[in-house]
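Heads up: the structure comes next, in structure tokens.
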Amino acid sequence: MSINVIVCGAAGRMGKVLVSLVQEHQDARLVGAIEATGHWALGKDAGEVAGLGPIGVQVTSDYAAVAAPDTVTLDFTVPDAALAHLRTAVATGAAIVIGTTGWSAAQRAEADQLAPRTRAVIAANMSVGVTVLQKVVADVARILKDGFDPEIVEIHHRFKVDAPSGTALALGRAIAAAQGKDFDKTAKLSREGITGARTDDEIGIVALRGGDVIGDHTVVFAGFAERLELTHRAQSRECLARGAVRAALWLLGQKPGLYAMKDVLGL
Ligand SMILES: NC(=O)c1ccc[n+]([C@@H]2O[C@H](COP(=O)([O-])OP(=O)(O)OC[C@H]3O[C@@H](n4cnc5c(N)ncnc54)[C@H](OP(=O)(O)O)[C@@H]3O)[C@@H](O)[C@H]2O)c1
0 MSINVIVCGA AGRMGKVLVS LVQEHQDARL VGAIEATGHW ALGKDAGEVA GLGPIGVQVT
60 SDYAAVAAPD TVTLDFTVPD AALAHLRTAV ATGAAIVIGT TGWSAAQRAE ADQLAPRTRA
120 VIAANMSVGV TVLQKVVADV ARILKDGFDP EIVEIHHRFK VDAPSGTALA LGRAIAAAQG
180 KDFDKTAKLS REGITGARTD DEIGIVALRG GDVIGDHTVV FAGFAERLEL THRAQSRECL
240 ARGAVRAALW LLGQKPGLYA MKDVLGL
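266 is the number that numbering that gives the first Met the number 0 gives the last residue of the sequence shown; the numbers go up by one with no jumps.
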């Protein structure tokens, strides 16, 4: 079975890797490459933009013209655009995999409400390793509920616009859910000055930014006289893109609904 793929944000860092991966995948075919109105890549060949040479698919801004029930969209853009693409996917019956992060609470609530009306995967991190890490972290958080303080450290490249990363937030939410805490009330996204001693309920998240780091996440469970650290390192964007394509292949065979990467992996 060969699937028809549309890449939204085709000239972006992830978009270019996705175009390359789809192009070389025996079960996938690129049928659309989308950028916003006025973007420098419009009218150019998506393969040229990705550094592959021409592949016969032009970058356009008209997503609605290509979205259809037999297509899967891979969206790695910005939250406003991802939400607009999701609305169009619902209206046209297109399946959609959204990797975009940095949603406001209102945007995410609207996405959660819209997404079940088509076939959708929304995940802050598409890598197999991080999806497994989320499950393992929840298991460990349940076991180490008492006497261990959970904290998260992440580092990403200097161009990332949102912080902390969607993955770090998802890991924090997984810990909170496993320990019966309200993440929005207990998360400490910054500490500065005379903060007082750490309380039992806190889940701290620290974001580092620099260079070309693809993305590392470490979850620390700090106890007395010992600590457990679980780390995932993305060595290239390919692990994220491969996960997105895997989600796309899986999603076309599903009923309408909002799915996560753990559903894709059957965890
Ligand atoms: N879930 C995951 O596994 C995962 C992995 C990596 C990244 N991400 C997330 O994916 C998003 C993109 O990351 P990136 O590093 O690829 O960023 P990026 O290099 O900035 O790429 C985003 C692309 O989307 C384009 N765009 C903006 N508005 C658009 C619109 N209305 N329609 C179509 N395209 C539009 C941008 O154009 P401009 O150049 O004009 O801005 C840019 O080309 C971020 O939210 C990031 O955190 C998720």
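Heads up, the beta-carbon is just placed ideally off N, CA and C, and yes, glycines get one too.
None of these values were measured; they are calculated from a predicted model.
Taking the beta carbon of residue i as the centre, do at least 16 other beta carbons fall within 10 Å, making it buried, or is it exposed?
{"i": "Thr-198", "result": "exposed"}
{"i": "Met-125", "result": "buried"}
{"i": "Gln-112", "result": "exposed"}
{"i": "Gln-234", "result": "exposed"}
{"i": "Gly-192", "result": "exposed"}
{"i": "Gly-252", "result": "exposed"}
{"i": "Ala-246", "result": "buried"}
{"i": "Leu-85", "result": "buried"}
{"i": "Lys-15", "result": "buried"}
{"i": "Met-260", "result": "buried"}
{"i": "Glu-153", "result": "buried"}
{"i": "Ser-1", "result": "exposed"}
{"i": "Asp-74", "result": "buried"}
{"i": "Leu-82", "result": "buried"}
{"i": "Ser-103", "result": "exposed"}
{"i": "His-156", "result": "exposed"}
{"i": "Ala-270", "result": "It is not possible to answer for residue 270, since the shown part of the chain is limited to 0 through 266."}
Could you tell me which residues DSSP puts in a beta bridge with residue i?
{"i": "Lys-187", "result": "Gly-203"}
{"i": "Glu-153", "result": "Ala-206 and His-216"}
{"i": "Gly-256", "result": "Arg-118"}
{"i": "Ala-269", "result": "Past the edges of the chain, shown from 0 to 266, lies residue 269, and the structure says nothing about it."}
{"i": "Glu-228", "result": "Val-219"}
{"i": "Gly-31", "result": "Ile-5"}
Could you pull out every residue in the same chain whose Cβ sits closer than 6 Å to the Cβ of residue i, ignoring the five residues on either side in sequence?
{"i": "Glu-150", "result": "Gly-203 and Val-219"}
{"i": "Gly-256", "result": "Pro-115"}
{"i": "Thr-36", "result": "Ser-60"}
{"i": "Ala-169", "result": "Ala-123"}
Given a cut-off of 8 Å, decide if residue j and residue i are closer than it, judged by their beta-carbon atoms.
{"i": "Ala-243", "j": "Leu-17", "result": "yes"}
{"i": "Gly-98", "j": "Ala-80", "result": "no"}
{"i": "Ala-129", "j": "Thr-166", "result": "Residue identity check: residue 129 is Val in the sequence provided, not Ala. Against a cut-off of 8 Å, the Cβ pair of Thr-166 and Val-129 comes out as a contact."}
{"i": "Val-4", "j": "Val-71", "result": "yes"}
{"i": "Val-6", "j": "Ile-33", "result": "yes"}
{"i": "Ala-240", "j": "Met-13", "result": "yes"}
{"i": "Ala-27", "j": "Pro-68", "result": "no"}
{"i": "Ala-45", "j": "Ile-54", "result": "yes"}
{"i": "Lys-134", "j": "Leu-266", "result": "yes"}
{"i": "Ala-110", "j": "Ile-95", "result": "no"}
{"i": "Ala-63", "j": "His-38", "result": "no"}
{"i": "Arg-273", "j": "Ala-177", "result": "Absent from the model: residue 273. The displayed extent of the chain is 0 to 266, so no value can be given."}
Below 7 Å CB to CB, which residues in the same chain sit around residue i once its five sequence neighbours on both sides are set aside?
{"i": "Ala-221", "result": "Phe-147, Asp-148 and Glu-150"}
{"i": "Glu-47", "result": "Pro-53"}
{"i": "Ser-19", "result": "Ala-49 and Leu-51"}
Leaving out five residues on either side along the sequence, give the residues of the same chain with a beta carbon under 8 Å from the beta carbon of residue i.
{"i": "Arg-190", "result": "Gly-203"}
{"i": "Val-65", "result": "Ile-5, Val-30, Gly-31, Ile-33 and Thr-59"}
{"i": "Asp-161", "result": "Thr-100 and Gly-101"}
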